[in-house]
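Top to bottom, those sequences are chains A and B.
All residue numbers for the first sequence refer to the numbering used here, where the first residue is 17 and numbers rise by one.
All residue numbers for the second sequence refer to the numbering used here, where the first residue is 17 and numbers rise by one.
There are 2 protein chains.
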Amino acid sequence: MRIVVVGAGSWGTAVACLLRDNGHEVTLAARDAAQADAMNTTGRNPRYVQAADLAGIVAAPIPDAPVVDAELVVVAVPSRVFGDVVSELPGDSPVVSLTKGLDPTTGARLSTLVRNRPVAVLSGPTIADEIVRGLPAAAVVASDDLELAVRVQVAVHSVLFRVYVSDDVVGVELCAAAKNVIALAAGGADGLSLGDNSKAALVARGLAEMRRLAESAGARPDTFAGLAGMGDLIVTSWSPSGRNRRAGELIARGAKPDEAAAEIGMVVEGLTTAPVLRDLAHRLEIEVPITEGVCAVLEGAPLTDLVTTLMSRAPTTE
Amino acid sequence: MRIVVVGAGSWGTAVACLLRDNGHEVTLAARDAAQADAMNTTGRNPRYVQAADLAGIVAAPIPDAPVVDAELVVVAVPSRVFGDVVSELPGDSPVVSLTKGLDPTTGARLSTLVRNRPVAVLSGPTIADEIVRGLPAAAVVASDDLELAVRVQVAVHSVLFRVYVSDDVVGVELCAAAKNVIALAAGGADGLSLGDNSKAALVARGLAEMRRLAESAGARPDTFAGLAGMGDLIVTSWSPSGRNRRAGELIARGAKPDEAAAEIGMVVEGLTTAPVLRDLAHRLEIEVPITEGVCAVLEGAPLTDLVTTLMSRAPTTE
Chain A
17 MRIVVVGAGS
27 WGTAVACLLR
37 DNGHEVTLAA
47 RDAAQADAMN
57 TTGRNPRYVQ
67 AADLAGIVAA
77 PIPDAPVVDA
87 ELVVVAVPSR
97 VFGDVVSELP
107 GDSPVVSLTK
117 GLDPTTGARL
127 STLVRNRPVA
137 VLSGPTIADE
147 IVRGLPAAAV
157 VASDDLELAV
167 RVQVAVHSVL
177 FRVYVSDDVV
187 GVELCAAAKN
197 VIALAAGGAD
207 GLSLGDNSKA
217 ALVARGLAEM
227 RRLAESAGAR
237 PDTFAGLAGM
247 GDLIVTSWSP
257 SGRNRRAGEL
267 IARGAKPDEA
277 AAEIGMVVEG
287 LTTAPVLRDL
297 AHRLEIEVPI
307 TEGVCAVLEG
317 APLTDLVTTL
327 MSRAPTTE
Chain B
17 MRIVVVGAGS
27 WGTAVACLLR
37 DNGHEVTLAA
47 RDAAQADAMN
57 TTGRNPRYVQ
67 AADLAGIVAA
77 PIPDAPVVDA
87 ELVVVAVPSR
97 VFGDVVSELP
107 GDSPVVSLTK
117 GLDPTTGARL
127 STLVRNRPVA
137 VLSGPTIADE
147 IVRGLPAAAV
157 VASDDLELAV
167 RVQVAVHSVL
177 FRVYVSDDVV
187 GVELCAAAKN
197 VIALAAGGAD
207 GLSLGDNSKA
217 ALVARGLAEM
227 RRLAESAGAR
237 PDTFAGLAGM
247 GDLIVTSWSP
257 SGRNRRAGEL
267 IARGAKPDEA
277 AAEIGMVVEG
287 LTTAPVLRDL
297 AHRLEIEVPI
307 TEGVCAVLEG
317 APLTDLVTTL
327 MSRAPTTE
């Protein structure tokens, strides 16, 4: 299959390698032309997942990538540019979104910004560093177009990367966005050295919050117990490489959000998504105390106040 | 309140301290008389959670503990002796079970072995080492007798240990038993260095397996997303101190199950529970592939065969 992967961050690069390993003809399209040149010259991504060997993958700047002729366009760009990038794609090839976030301007799910072509989303517990090291993983592909979902499944699935099909696009996409916000809070618990018990309690309450929000938006409860929900939330909240977790840890230790993002050097989607998710919750009239707390801290409130408030609420029924 | 905690392992000792901190009159009853003597002499438990200061707690051998006069009897003994211990308790004071397992002979939930007195169960992500270090945590108390559940909640709840009430005894108790089996598998993933992605996928599938089993036994789905389900499963599967996780890791690295248990030096409930849970699943006609895999490995099958089998199944719908 001819496939263009748009976005040469760590996850786009890792998925390009998975597709290349499955025998597809892969172009990895970078927003930065110099980065594309470097990938073609050195066979490595100069910025992300340097362990990944790009042999057999052609890199190109986005405008030069063969998008019109592609049978599949995989989009892995930050949420803040997702809308612009997909609206500028020529042709009508189907799109698979790898981006985990919401449109920062409208709060829309990113797949809804893909117009006039079939769209699917791929999500799950997939820390890119592990994938390029050849470690096994599993993910979910969701689409309203089940024929497309199965085509993506067949294209990506391998003995090391299991892909399951789902028809719950709303659930998979909202899980993918919300888990980064909960992971910021989990990182905050790490930064305050609160221990694994309270972090696990926080993450369990966080999943409940994600589920309340997404169910009211039409998602299926099952999705939250699955790979794209609980699976991805756990790995994002516990993996030392999880960038949202790490950002929360740095912020809890005194860094400003932009300082944390700068130290991590990759897009920290949770920082963008938190206020967008809070606004969505307000519109849906759903209580999201952890997301509210994350937003308050990002806006300058002391984290210790938040912990004290959460722990001193009256005891209730679970 | 006058309370006797029966069982001076790490969790019984930690809960005795929580109750003492809340102003209760606490006796910590040990199965081993020498251990009780040592606790009274030194103010420390000689075997478990040595960091815990037992000041204000009276230790006693079980037959000498004031069980008849207690307003609450907290039982924290290994599952294999739970039935004998509770059947020998004098009086009719209510019992709170802290034990996470099933009756090894009959597969019964442990609380059903408590006859002729009210019973509640307390569960959640509560690694004892963290509790005695004063780190915050949260748990669930479940009972068919809601008045008892609330009494236990009030007795145990504090600013550092939040307690929620539930009426789903079946769900809380089956979660508590099954999570140790899934944690053995998660430890196996650690022992094989499979990475956090696949471990998170395994644990998410493990929670689905726990839920299928317990729902068919009458539990509520909500419990699995809560503290006693997902919360406890995560901490048991990720905490370096988790003894079931650690046992799985040692077994994956070549130890026999009894060697792993000996090295850990504490009861590893998952080793006892796995075959009992499998038999329960067979009786209920529920598929539990992870539990089956754990049992096969405990019975001597090579772990690598299991991983290969799980990863090479045909791709499906989630």
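Think of the CB as a built atom: it goes at the ideal place given N, C-alpha and C, for glycine as much as any other residue.
What you are looking at is a predicted structure, and each value in this text was computed from that prediction instead of being measured.
Per-residue contacts from residue i into chain A (C-beta, under 7 Å)
i, result
"residue 247 of chain B", "216, 217, 220"
"residue 107 of chain B", "Those do not exist, as residue 107 of chain B stays about 28 Å from chain A at its closest Cβ, beyond 7 Å."
"residue 143 of chain B", "212, 213"
"residue 254 of chain B", "212, 254"
"residue 73 of chain B", "Here the premise fails: no neighbours, minimum Cβ distance about 22 Å."
"residue 223 of chain B", "241, 246"
Exposure label - residue i; buried when at least 16 CB within 10 Å
i, result
"residue 79 of chain B", "exposed"
"residue 272 of chain A", "exposed"
"residue 106 of chain A", "exposed"
"residue 8 of chain B", "Nothing about residue 8 of chain B can be reported from this structure: the residues present for chain B run from 17 to 334 only."
"residue 56 of chain A", "exposed"
"residue 187 of chain B", "buried"
"residue 10 of chain B", "The structure shown does not extend to residue 10 of chain B, since chain B is modelled only from 17 through 334, so no value can be given for it."
"residue 192 of chain A", "buried"
"residue 67 of chain B", "exposed"
"residue 256 of chain A", "exposed"
"residue 203 of chain B", "buried"
"residue 252 of chain A", "buried"
"residue 131 of chain B", "exposed"
"residue 175 of chain B", "exposed"
"residue 286 of chain A", "buried"
"residue 159 of chain B", "buried"
"residue 21 of chain A", "buried"
"residue 152 of chain A", "buried"
"residue 334 of chain A", "buried"
"residue 209 of chain B", "exposed"
"residue 325 of chain B", "exposed"
"residue 275 of chain A", "exposed"
"residue 278 of chain A", "exposed"
Candidates the options: closest to residue i by CA position
i, options, result
"residue 25 of chain A", "A:288, A:283, A:260", "A:283"
"residue 28 of chain B", "B:70, B:39, B:232", "B:70"
"residue 259 of chain A", "A:60, A:208, A:35, A:142", "A:142"
"residue 218 of chain B", "B:177, B:266, B:246", "B:246"
"residue 178 of chain A", "A:159, A:213, A:150, A:195", "A:150"
"residue 163 of chain A", "A:206, A:183, A:263, A:176", "A:183"
"residue 146 of chain A", "B:175, B:212, B:165", "B:212"
"residue 161 of chain B", "B:134, B:169, B:176", "B:134"
"residue 73 of chain B", "B:167, B:108, B:18", "B:18"
"residue 81 of chain A", "A:64, A:63, A:98, A:47", "A:47"
"residue 312 of chain B", "B:197, B:118, B:84", "B:197"
"residue 181 of chain B", "B:97, B:243, B:50, B:144", "B:243"
"residue 167 of chain A", "A:30, A:316, A:35, A:317", "A:35"
"residue 189 of chain A", "A:156, A:63, A:59", "A:156"
Near the ligand SAH: residue i beta-carbon under 6 Å from a heavy atom
i, result
"residue 270 of chain A", "Within the structure as shown, the ligand SAH is missing, as the structure has no ligands at all."
Partner residues on chain B for residue i, Cβ-Cβ distance less than 9 Å
i, result
"residue 227 of chain A", "241"
Contact set between residue i and chain B, taken where Cβ atoms lie within less than 7 Å
i, result
"residue 251 of chain A", "212, 213, 216"
Test: residue i CB closer than 7 Å to a CB of chain C
i, result
"residue 289 of chain A", "In the structure shown, chain C cannot be found, because the protein chains are A and B."
Self-check item: Within 7 Å of chain A by C-beta, residues of the stretch 186-199 of chain B in sequence order
Solution: none
Self-check item: Residues, ordered as in the chain, of the stretch 146-163 of chain B that lie near chain A by beta-carbon distance below 8 Å
Solution: 146, 147, 149, 151, 152, 153, 154, 156
Quiz item: Should the stretch 221-240 of chain B be called in touch with the stretch 291-309 of chain B, which here means at least 3 C-beta pairs below 8 Å?
Solution: yes
Self-check item: Stretch-stretch touch, CB-based, cutoff 8 Å, three pairs: the stretch 82-100 of chain A with the stretch 111-121 of chain A
Solution: yes
Quiz item: Would you call the stretch 114-134 of chain B and the stretch 286-295 of chain B in contact, with 3 or more CB pairs under 8 Å?
Solution: Yes, the stretch 114-134 of chain B is in contact with the stretch 286-295 of chain B.
Quiz item: Pairing CB atoms from the stretch 234-241 of chain B with CB atoms from the stretch 260-268 of chain B, are three or more of them under 8 Å?
Solution: no
Quiz item: Between the stretch 300-310 of chain A and the stretch 129-138 of chain B, do at least 3 Cβ pairs fall closer than 8 Å?
Solution: The stretch 300-310 of chain A vs the stretch 129-138 of chain B: no contact.
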